[in-house]
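*Asks:* Chains A and B, in that order, are what the protein sequence lines are.
Taken in order, the first sequence gives residues 820 to 1034; the numbers are from the numbering used here.
Taken in order, the second sequence gives residues 6 to 308; the numbers are from the numbering used here.
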Amino acid sequence: MEVKLAEFFIALAVFFSITIVASNRLFLGIKSYALQSLSIAAATTLIASIENISHLFVSALLMLIVKACIIPLLLFYVTKKLNIQRKIETNVTIFDSVIFCALIVVFSYFLVAKFNLSSRVLGFNVIPLSISVIIIGLFIMVTRRKAITQILGFLTLENGIFMAEIASTHGMPVFVELGIFMDVLIGVIIAGIFVYRMSETFNDIDTEKLTSFKE
Amino acid sequence: MEVLIGIVQLLLIVILAPGVNAVIHKTKCLIRGQKGPSILQPYRDIYKLLNKRSVISDTASWISRFAPYIIFSVSVVAAAFIPVFSSKTLFHFSSDVIGFTYLMALGTLFLTLYGLDQGSAFGGLGSSREVTIAALAEPAMMIAIFTVCIMNGTSSISEIFTKLSVHPLQAFSVSSVFSLLALLMVAIAESARIPVDNPETHLELTMVHEAMILEASGRDLALIELGSLIKQAIFISFIASAIFPISGLLGFIWYLLKVFSIAILIGFIEISNAKLRFFRVPDFLAVAFTLSVISLIVHYLEV
Chain A
820 MEVKLAEFFI
830 ALAVFFSITI
840 VASNRLFLGI
850 KSYALQSLSI
860 AAATTLIASI
870 ENISHLFVSA
880 LLMLIVKACI
890 IPLLLFYVTK
900 KLNIQRKIET
910 NVTIFDSVIF
920 CALIVVFSYF
930 LVAKFNLSSR
940 VLGFNVIPLS
950 ISVIIIGLFI
960 MVTRRKAITQ
970 ILGFLTLENG
980 IFMAEIASTH
990 GMPVFVELGI
1000 FMDVLIGVII
1010 AGIFVYRMSE
1020 TFNDIDTEKL
1030 TSFKE
Chain B
6 MEVLIGIVQL
16 LLIVILAPGV
26 NAVIHKTKCL
36 IRGQKGPSIL
46 QPYRDIYKLL
56 NKRSVISDTA
66 SWISRFAPYI
76 IFSVSVVAAA
86 FIPVFSSKTL
96 FHFSSDVIGF
106 TYLMALGTLF
116 LTLYGLDQGS
126 AFGGLGSSRE
136 VTIAALAEPA
146 MMIAIFTVCI
156 MNGTSSISEI
166 FTKLSVHPLQ
176 AFSVSSVFSL
186 LALLMVAIAE
196 SARIPVDNPE
206 THLELTMVHE
216 AMILEASGRD
226 LALIELGSLI
236 KQAIFISFIA
246 SAIFPISGLL
256 GFIWYLLKVF
266 SIAILIGFIE
276 ISNAKLRFFR
286 VPDFLAVAFT
296 LSVISLIVHY
306 LEV
């Protein structure tokens, strides 16, 4: 029952990563990311109570504070401060990329069938769903043109890795988890500063323009 | 006795339909910090309209005279398929999903014909938009409903209800989560709610549903509105029936609870999203389609 409920929350996380792909406005993407982190925090809490690992509760709490509150607020702040045009620009049309997400989910199911790790993992669906979150994150990073959306892609990817790690290792040592959270937070802050510098120098945060650098 | 239960369930959906809409509207008003109209307001509106004479344009043909009745009756017949607290609906002997979905499509067809028939520019505009949305929403709806059918091994809505009330945990499998999310999105699109159409305004640039019924008045308007409200209630009831259904009196209270929580959820979705540009609607429905395809394939792949 609790495993089913955990799977339900991870399915919600996949849904929210698809809404990040589908969002045409930055704020919608950031809100979706916050909701995705929230559902992963809920899933982590459930897994912690199933496996009876106390430090996973700490991870869930950190997930709630860092990824569902601080990072989205930081991204909102950067977006507002820089007066970035809130429209998301893509290399692939939104319609095509949403349809592609279905292929990604199916692909990750087939991928996991090759691994043959069902005996060690709780719930069959957890690993394929988290791998699809990882690949969707990669997909966002590759196809979106603005730096902020690429950060969103990176964060989605990181959420997927976190989920896969929780489900397959039954919780890593607590210092590793804390280190990962610090890494992500610092990474987002650095990326935010980078975006700020970029918009100061070029008046734009389109990463395509970085290719036209000449000495 | 079975017929009696069926009639009670049918009447329940018909009576509840304006109330569900009122709850959605009330939720939005409360979040905005407004007082909002009373829950009974849509009932009063429909009662008032039913007592008024309808005016039909000179260019209108027989379609305009018949369409309101067809739209209303088709919705009522489709409502007779939906189990509320017992699997003994009026059509429980053959409550087939394909018949059910195409009854809904028949209502849409006559609504669009009604819009075209009035000879006003807005009607044709609304009809063309409505057909576009319906054509895009249909694959997502069909695949999502078929997935629910395949999961339960039957295409009869009553039998799905029976099986689900025996194995309530089924509703928590990953594939049914995806298909229910897809159905929720289709329900929002089909009942002309915010990311797709705004039911509160008559802005000619954006209106879809309102443009088609702009010329309707009096009794005709009441019947068309009631038909659309019943359609919305049917979608919400279908989703509610697929989540932990219980039969019996307790099931009735549980049903009301589920329907009103879904209505409040829709209110939240409406208040926190802007209306999409019309050419962005395919993207919204693409998400629903993707979710339904994922749910279908995941059903076969998960153990």
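Backbone N, C-alpha and C fix where the C-beta goes; we use that ideal spot for every residue, glycine too.
With a CB to CB cut of under 8 Å and the five nearest residues on each side skipped, what residues in its chain are close to ALA1010 of chain A?
*Replies:* Same-chain partners within the cutoff: ALA966, ILE970 and PHE973.
*Asks:* Roughly how many angstroms separate the alpha carbons of TYR52 of chain B and LEU121 of chain B, rounded to a whole number?
*Replies:* Those two C-alpha atoms are separated by around 27 Å.
*Asks:* Pick out whichever of A:ILE889, A:GLU826 and A:ILE837 has its Cα sitting closest to the Cα of PHE1000 of chain A.
*Replies:* Among A:ILE889, A:GLU826 and A:ILE837, the Cα nearest to that of PHE1000 of chain A belongs to A:ILE889.
*Asks:* Using a Cβ-Cβ cut-off of less than 8 Å, give me the residues of the region 871–904 of chain A that come near chain B, in sequence order.
*Replies:* Here the close residues number zero.
*Asks:* Quick check on LYS33 of chain B: buried or exposed, where buried means 16 or more other Cβ atoms within 10 Å of its Cβ?
*Replies:* Answer is buried; the Cβ neighbour count reaches 16.
*Asks:* How many Å lie between ILE985 of chain A and VAL945 of chain A at the Cα?
*Replies:* Between ILE985 of chain A and VAL945 of chain A, the C-alpha separation is close to 10 Å.
*Asks:* Starting from the beta carbon of LYS823 of chain A, find every residue of chain B whose beta carbon is closer than 8 Å, and list them in chain order.
*Replies:* Per Cβ cutoff of 8 Å: LEU174, PHE177 and SER178.
*Asks:* Is ILE950 of chain A near VAL931 of chain A, with beta carbons less than 8 Å apart?
*Replies:* Yes, the pair counts as a contact, with Cβ atoms nearer than the cut-off.
*Asks:* Within the same chain, show all residues whose beta-carbon is closer than 8 Å to that of ASN843 of chain A, passing over the 5 residues directly before and after it, in chain order.
*Replies:* Excluding residues within five positions, the ones whose Cβ falls inside 8 Å are LYS906, ILE907 and ILE913.
*Asks:* Which residue's Cα is closest to the Cα of ILE29 of chain B: B:LEU16, B:LYS57, B:ILE20 and B:SER43?
*Replies:* Measuring from the Cα of ILE29 of chain B, the nearest candidate turns out to be B:SER43.
*Asks:* To the nearest angstrom, how far is the alpha carbon of ALA194 of chain B from that of ILE138 of chain B?
*Replies:* Computed Cα separation, rounded: 7 Å.
*Asks:* Take SER161 of chain B and list the residues in its own chain whose beta-carbon comes closer than 8 Å to its own, dropping the five residues that flank it on each side.
*Replies:* Result list for SER161 of chain B: HIS97, SER99, SER100, ASP101 and VAL102, in chain order.
*Asks:* Terminal residues of the continuous alpha helix (DSSP H) containing PRO947 of chain A?
*Replies:* Looking at the DSSP string, the run of the alpha helix (DSSP H) that includes PRO947 of chain A is 945–962.
*Asks:* For LEU845 of chain A, count neighbouring C-beta atoms within 10 Å of its own C-beta (all shown protein chains included) and say buried if the count is 16 or more, exposed if not.
*Replies:* Looking at its Cβ environment, which holds 16 or more other Cβ atoms inside 10 Å, LEU845 of chain A is buried.
*Asks:* For THR909 of chain A, name the three-state secondary structure that DSSP assigns.
*Replies:* Of the three classes helix, strand and coil, the one that applies to THR909 of chain A here is strand, per DSSP.
*Asks:* Would GLU826 of chain A count as contacting chain B if we go by Cβ distances under 8 Å?
*Replies:* Interface residue, yes.
*Asks:* Quick one: what's got a C-beta closer than 6 Å to GLY848 of chain A's C-beta in the same chain, skipping five residues either side?
*Replies:* Once the five neighbours on either side are set aside, the close Cβ partners of GLY848 of chain A are ILE839, SER842 and LEU971.
*Asks:* Output needed in chain order: residues of the region 125–153 of chain B with a Cβ under 8 Å from some Cβ in chain A.
*Replies:* From the region 125–153 of chain B, no residue has a Cβ closer than 8 Å to chain A.
*Asks:* For MET190 of chain B, count neighbouring C-beta atoms within 10 Å of its own C-beta (all shown protein chains included) and say buried if the count is 16 or more, exposed if not.
*Replies:* Buried: at least 16 other Cβ atoms inside 10 Å.
*Asks:* What are the boundary residues of the alpha helix (DSSP H) that includes HIS214 of chain B?
*Replies:* Note, HIS214 of chain B: alpha helix (DSSP H), 214–217.
*Asks:* By the DSSP assignment, the alpha helix (DSSP H) with ASP288 of chain B in it spans what residues?
*Replies:* Looking at the DSSP string, the run of the alpha helix (DSSP H) that includes ASP288 of chain B is 286–306.
*Asks:* Measuring CB atoms only, is the region 87–97 of chain B touching the region 47–65 of chain B, in the sense that at least three cross pairs come out at less than 8 Å?
*Replies:* Cβ pair count under 8 Å is below three, so no.
*Asks:* Look up ASP63 of chain B in the DSSP assignment and say whether it is helix, strand or coil.
*Replies:* If DSSP states are grouped into helix, strand and coil, ASP63 of chain B belongs with coil.
*Asks:* Comparing the C-beta of THR295 of chain B with each C-beta of chain A, is any distance below 8 Å?
*Replies:* Judged by the 8 Å Cβ criterion, THR295 of chain B is in contact with chain A.
*Asks:* What residue does the alpha helix (DSSP H) around ILE267 of chain B start on, and which one ends it?
*Replies:* Taken as a continuous stretch (DSSP letters only), the alpha helix (DSSP H) holding ILE267 of chain B covers 254–276.
*Asks:* On the criterion of 16 or more Cβ atoms from any shown chain inside 10 Å, does LYS899 of chain A qualify as buried, or is it exposed?
*Replies:* The residue is exposed, with fewer than 16 neighbouring Cβ atoms inside 10 Å.
*Asks:* For SER69 of chain B, which residues in the same chain have their Cβ closer than 7 Å to its Cβ, ignoring the five residues on either side in sequence?
*Replies:* The residues are ILE61, TYR119, ASP122 and GLN123.
*Asks:* Which of helix, strand or coil does DSSP assign to ASP1023 of chain A?
*Replies:* ASP1023 of chain A falls in the coil class under three-state DSSP.
*Asks:* Alpha carbon to alpha carbon, how far is LEU208 of chain B from GLU215 of chain B?
*Replies:* Rounded to the nearest angstrom, the two C-alpha atoms are 9 Å apart.
*Asks:* Reducing DSSP to helix, strand and coil, say where SER161 of chain B ends up.
*Replies:* Strand at SER161 of chain B.
*Asks:* What does a CB cutoff of less than 7 Å around HIS304 of chain B pick up in its chain, not counting 5 residues either side in sequence?
*Replies:* The residues are THR152, ILE155, MET156 and SER180.
*Asks:* For ILE18 of chain B and CYS920 of chain A, I'd like the C-alpha separation in whole angstroms.
*Replies:* The alpha-carbon atoms of ILE18 of chain B and CYS920 of chain A are separated by roughly 36 Å.
*Asks:* To be precise: take each residue of the region 912–924 of chain A, compare its Cβ to all Cβ atoms of chain B, and keep it if any distance is under 7 Å. Which residues remain?
*Replies:* Listed in sequence order: ILE913, PHE914, VAL917, ILE918, CYS920, ALA921 and VAL924.
*Asks:* Give me the residue from A:SER1031, A:LEU1029, A:ILE1024 and A:PHE981 with the minimum Cα distance to ASN902 of chain A.
*Replies:* For the residues A:SER1031, A:LEU1029, A:ILE1024 and A:PHE981, the minimum Cα distance to ASN902 of chain A belongs to A:ILE1024.
*Asks:* For PHE835 of chain A, which residues from the same chain have a beta carbon less than 8 Å from its beta carbon, with the 5 sequence-adjacent residues on both sides left out?
*Replies:* Once the five neighbours on either side are set aside, the close Cβ partners of PHE835 of chain A are SER851, TYR852, LEU854, GLN855 and SER858.
*Asks:* Going by the CB atoms, is the gap between GLU1027 of chain A and ARG964 of chain A shorter than 8 Å?
*Replies:* Yes. Within cutoff.
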